[in-house]
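Worksheet: the structure to be examined is printed underneath.
There are 2 protein chains.
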Amino acid sequence: MKLSDYLPILQWGRQYNGQTFANDMIAAVIVTVMLIPQSLAYALLAGLPPQVGLYASVLPLVVYAIFGTSRTMAVGPVAILSLMTAVAAGKVAQQGTPEYLTAAIVLAVISGLMLVVMGIFRLGFLANFLSHPVMSGFVTATGILIAVSQLKYLLGIPVSGRGMIDTLTSIFRHLGEINWPTAAIGGPAVAFLFWSRKGLKPLLLGLGLKDSLASMLARSGPVLAVVLGGVAVVAFGLEAKGVRVVGEIPKGLPGLSLPHFDAGLWQALLGSSALIAMISFIESVSMAQTLAAKRRQRIDPDQELIALGAASLAAGVSGGYPVTGGFARSAVNFDAGAETPAAGAFTAVGIALAALFLTPLLYNLPQAVLAATVVVAVLGLVDIKALRGTWNYSKRDFAAMAATILVTLVAGVELGVTTGVVLSLLLHLYQTSRPHFAIVGQVPGTHHFRNVNRHAVVVPEHIVTIRIDESLYFANARFLQDMVYNVLSNRPDLKHIILMCPAVNHIDASGLESLEAINARLKDAGVTLHLSEVKGPVMDRLKRTHFLDELTGNVYLDQFDAIADLDFECAKSAIEKTGRLTEPGSDPCPSQEIAGVREMGG
Amino acid sequence: MKLSDYLPILQWGRQYNGQTFANDMIAAVIVTVMLIPQSLAYALLAGLPPQVGLYASVLPLVVYAIFGTSRTMAVGPVAILSLMTAVAAGKVAQQGTPEYLTAAIVLAVISGLMLVVMGIFRLGFLANFLSHPVMSGFVTATGILIAVSQLKYLLGIPVSGRGMIDTLTSIFRHLGEINWPTAAIGGPAVAFLFWSRKGLKPLLLGLGLKDSLASMLARSGPVLAVVLGGVAVVAFGLEAKGVRVVGEIPKGLPGLSLPHFDAGLWQALLGSSALIAMISFIESVSMAQTLAAKRRQRIDPDQELIALGAASLAAGVSGGYPVTGGFARSAVNFDAGAETPAAGAFTAVGIALAALFLTPLLYNLPQAVLAATVVVAVLGLVDIKALRGTWNYSKRDFAAMAATILVTLVAGVELGVTTGVVLSLLLHLYQTSRPHFAIVGQVPGTHHFRNVNRHAVVVPEHIVTIRIDESLYFANARFLQDMVYNVLSNRPDLKHIILMCPAVNHIDASGLESLEAINARLKDAGVTLHLSEVKGPVMDRLKRTHFLDELTGNVYLDQFDAIADLDFECAKSAIEKTGRLTEPGSDPCPSQEIAGVREMGG
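Those protein sequence lines, which keep their order, are chains B and U. Just so you know, we're using our numbering here: the first sequence kicks off at 404 and counts up by one. Just so you know, we're using our numbering here: the second sequence kicks off at 404 and counts up by one.
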């Protein structure tokens, strides 16, 4: 590892020039305009004061620019982490209290530390516990949860529920108290934003704009909606009519400080922080890869852990809350032509300037429109179609996905994602614990060996060949024994068992133990065990053990050689026994033709 | 499933005859003699009154005879479960109190219920979580723990520690209080028992006994030691000299009754019961398989769950504690010629008779000799050599094994086995998250494709072929993307990537998602993705998705065809472009010869 692997800024910084600067600058201006209302809206979703969203969009961006390996990803507050922050902080404090804010900051610090440690020790593989169907189900369910949680802002009613069912019940109970001016701007804002996702770009193209500019402007629908909302509040004096606005935001940025260390609080937030760290990594790294591949750049996932961790830590020490790469804003950054992470640093300067000088302008932005931008953004993440696709492809993956969605909706994000992780592990273990295997025979006239149940093959009567289509490891070590002993107990005439291993990619100590046990048991029963087509690396490892010395039979490079050799041995011993070439009227080593059903595969 | 699959007694019962009865009866008598002192010793180890060991050796044996699929396994109290019972019951009550006994009974009931449920729902695969190295390490560490725990009986000193370090410290502190008469029979008992494991059989053979009889008698060393101990106590009036004896045992058997249901107690013992259930299943099923294979019989692991669960439940309702198949006693049963589980039922009758009529004879058995039988039995399970073997074979398996031993010794059995399970899962995930893969090229003049780093091969310049030696599933889905994008970012001239899949046994939804993402990313980058040598079942599944429609390239049955086809396409397009067969002085589709290091494997 070179220093520049840990500080990617040293790589791209060297080639930095005027043109790159100009491109990064343009992208930064556009992302800044988009990020200001987003930061406010996500802070609202997290149950935090609006300025916390701005704080989380300054220092983290600078830090990511130094450590990040993605050239174009834009970090900051995102919807899912905002909801997870609200859930976790809500467990230890009441929204609106200083303790709640402290909890949010502590979440950023702990999850940041965890990510950095995972990066240093290259533990990124831990994120693999979250399979794609679980993550996809989790994002869908979270999207629905968030959309529901924003209804109170869209309708201007007080809602106190924490779970989804609570919240919906509470909304129905308060339906009579809808603030109609709020609903009158919230409803149209949602409608406009949904339309703008599909309808705005063709309109702009129709107006003669270039394709790239049109795409970019089409993504700025939320900014337009928020500005129009703010204008409407001022023009019609809506605040007096009960429309809630962002309100007073303290000018400037807070100083750097670590939250007071409280062992009890840290312990209470440990599990939540781990989930936040995991989700933030998975969400951003896949997006970073998508963007990087388009320009044939590359992402180093372990360095990304360090960069995202450092960014979250930066959020924690500067009064923000957990951050990660945001999808919409990274896409805008990419489309706007950002070339290096410097664009992110410039964005940070833009947000800092906004926090210093623009807060009076933000005063009148209506919460209902901010909520509308959140609702439309998260409903874009809801992917119900994926459920059907997964159902068609794999019932097990579907089960993990459906369980994640259900538990997340009913019992909340933390239990939801935990259920998904545990379930996918169990299902994986279940699947590999009963691996595919086939008793194979020789396709007449060829050197090929195929499943006796699928093909017309020839099988010597005293030999059974079992092809195992899986690595041998602890999950299936017992199955292997069961399976061989079953074959053994059904075949009193058996003299040889050949395990054919072309698909065995590795054998762990449990697998080895099973092979040793099988070898010993078969020896007791007077049956010889052979292996065939063992892969090079697997064989290298077996050579380090006593297994090959103890093996009653041979290891054959080729299954055809195995059968030929064993047939020859059988004939030889028959000749030795009878003293003649063949016993008249009987074949000492008979084979059996099996007319299997000819099918694909096997 | 037929009824006789659930009630194996219906299978073997039909062929039951006089000869079988005679054989079973002889084995039952021998096992009974052996089991009486064992039951008392293990009850002592579990911290329970001695008669509880007898109670656990009656009804469970009858129940196992009805439901069990092993013809020769003998169930009853065993060392490891006794220690685990002591640990679990010790967490909720003080040894010697009625609450402690209740806790032991509840453990039998809950773990029995769990096993039955696992059996009915065929969840035996859950036991696979315990890999062989973890189980082996656990047995070794438990053996040491048990041996240490018995020192107090061997030396006749009061010891109060619960952990191993506690216990050892306490022993050293009380060394001055050794009861010498106790040590004088405990020490020689241990020495005799160790000697008898190796030395008794040759001696008996020397006396002219038949091999099978000699082996069997050699295993009855513990019985001999206990009887001699009892004689010594009576002859020398040792009880008066402070040698602790088994003492008064209430005559008869307790009635059947369920323990009073206490939700709090059940909840407190849930985790411990799950561990006991798991360990009892793993311990006995592998032994049952070993015995069955010798006679070409078979074991049904799911039915074994039901049988062991029913046996434990039976222990619970008849005043016993958790039971499972015992190694030494099953071996004796087997060697003594037991043919059916009826031998177990006859043993139960023997133990019941002992509990009814022999308790006065048991009064004088010295605890020190019982402890000696336990120590020698469990030290026989300690397998330190396995550590070295595992170290040689696999560092990862060694890590899991060593951690299990250390944590078990230092922090106790429950944390030890949990650590082992979690660690092996993590290590497995880590290993498969970075699967072996190779960039391959064609061995000149053959249809074989080999690792470019190991062999001299030819590689077309615009094509990269990557052979993946692992199934594609959630643990390595991200790695696959990283790896392909890395190749992509290093090769600006690249036009085709072929994923060669002969070792891909399955692709789950996460793997499919990765392939889809790779296909889309490569398309953006102007590179075509192909697959080759996809297995039949994997292909069947892919056909159910849109992936094959979206795939930019082709699926080739054979890697050789893939290269030939892509080379042909390249040449064709070059001709179309230039209008001539070959551009003078340049090959439009050049290949590169790579002189790899020729090695085994790859």
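The beta-carbon is built from N, C-alpha and C at its ideal position, and this holds for glycine as well.
- Query: For B/Met903, which three-state DSSP category applies?
  - Reply: strand
- Query: How many Å lie between U/Ile523 and U/Lys938 at the Cα?
  - Reply: 34 Å
- Shorter than 7 Å from the beta carbon of U/Glu873 to some beta carbon of chain B? yes
- Message: Can you tell me which residues form a DSSP beta bridge with U/Tyr959?
- Response: U/Ser935
- Message: So, for B/Ser563: in the same chain, excluding its five sequence neighbours on each side, which residues have a beta-carbon less than 7 Å away from its beta-carbon?
- Response: Ser573
- Message: Taking the alpha-carbon of U/Leu447 as reference, which of U/Ile483, U/His899 and U/Trp583 has the nearest alpha-carbon?
- Response: U/Ile483
- Cross-strand partners of B/Phe840 (DSSP beta bridge): B/Ile871
- Would you say B/Thr821 faces chain U, with C-beta separation under 7 Å as the test? no
- Task: State the start and end residues of the unbroken alpha helix (DSSP H) segment that holds B/Asn854.
- Result: Unbroken run through B/Asn854 is the beta strand (DSSP E), Phe852 to Asn854; no alpha helix (DSSP H).
- Is there contact here, the segment 467 to 481 of chain U with the segment 734 to 753 of chain U, by at least three beta-carbon pairs under 8 Å? yes
- Quick one: Cα of U/Leu406 to Cα of B/Ser836, how far? 26 Å
- Going by DSSP, which residues form a beta bridge with U/Glu996? U/Val861
- Residues that DSSP places opposite B/Gln845 in a beta bridge: B/Phe852 and B/Val861
- Message: Any beta carbon from chain U within less than 7 Å of B/Tyr445's own beta carbon?
- Response: no
- Message: Counting only Cβ pairs nearer than 7 Å, list the residues of chain U close to B/Ser618.
- Response: Those do not exist, as B/Ser618 stays about 15 Å from chain U at its closest Cβ, beyond 7 Å.
- Task: Answer with yes or no whether the minimum CB distance from B/Asp968 to chain U is below 7 Å.
- Result: no
- Pick out whichever of U/Gly712, U/Lys644, U/Val779 and U/Phe639 has its Cα sitting closest to the Cα of U/Val512. U/Gly712
- Query: Name the DSSP bridge partner or partners of U/Pro769?
  - Reply: U/Val648
- As assigned by DSSP and simplified to three states, the class of U/Thr727: strand
- Query: Are the Cβ atoms of B/Gly546 and B/Leu782 separated by less than 7 Å?
  - Reply: yes
- Quick one: is B/Lys555 buried, meaning 16 or more other Cβ sit within 10 Å of its Cβ, or exposed? buried
- Query: Based on Cα-Cα distance, which residue from U/Leu716, U/Phe963 and U/Glu916 lies nearest to U/Phe950?
  - Reply: Looking at U/Leu716, U/Phe963 and U/Glu916, the one whose alpha-carbon comes closest to that of U/Phe950 is U/Glu916.
- Item | C-alpha gap between B/Met804 and B/Ser539, whole angstroms | 7 Å
- Query: With DSSP run on the structure shown, which of helix, strand or coil describes U/Val637?
  - Reply: DSSP, reduced to helix, strand and coil, places U/Val637 within a helical segment of the structure shown.
- Message: By the 9 Å beta-carbon criterion, what residues does the segment 701 to 722 of chain U contribute toward chain B?
- Response: Arg701, Ile702, Asp703 and Pro704
- Query: What did DSSP end up calling U/Val930 once you bin it into helix, strand or coil?
  - Reply: coil
- is_contact[U/Arg417, chain B] using C-beta, thresh 7 Å: no
- Item | Among U/Ser552, U/Gly566, U/Asn582 and U/Phe575, nearest to U/Leu558 - alpha-carbon criterion | U/Asn582
- Message: Helix, strand or coil for U/Gly1004? Go by DSSP, reduced to three states.
- Response: Annotation note: pLDDT 41 at U/Gly1004 (below 50); position unreliable, coordinate value reported separately. Residue state, collapsed to three classes: coil.
- Roughly how many whole angstroms lie between the Cα atoms of U/Ala758 and U/Gly566? 33 Å
- Between U/Asn856 and B/Leu668, what straight-line distance do the alpha-carbon atoms span, to the nearest angstrom? Approximately 53 Å, taken between the alpha carbons.
- Which of helix, strand or coil DSSP assigns to U/Gly479: Residue state for U/Gly479 is assigned as strand, using DSSP reduced to three classes.
- Please name the residues in the segment 522 to 533 of chain B whose beta-carbon is closer than 9 Å to at least one beta-carbon of chain U, in chain order. Leu526, Gly527, Phe528, Leu529, Ala530, Asn531, Phe532 and Leu533
- Task: Rank U/Gly914, U/Glu972 and U/Gln834 by C-alpha distance to the C-alpha of U/Ile866 and give the top, closest one.
- Result: U/Glu972
- Residue-chain proximity (B/Lys494, chain U), Cβ-Cβ < 7 Å: no
- Item | Counted within 10 angstroms of its Cβ, other Cβ atoms place B/Ser935 as buried (16 or more) or exposed | buried
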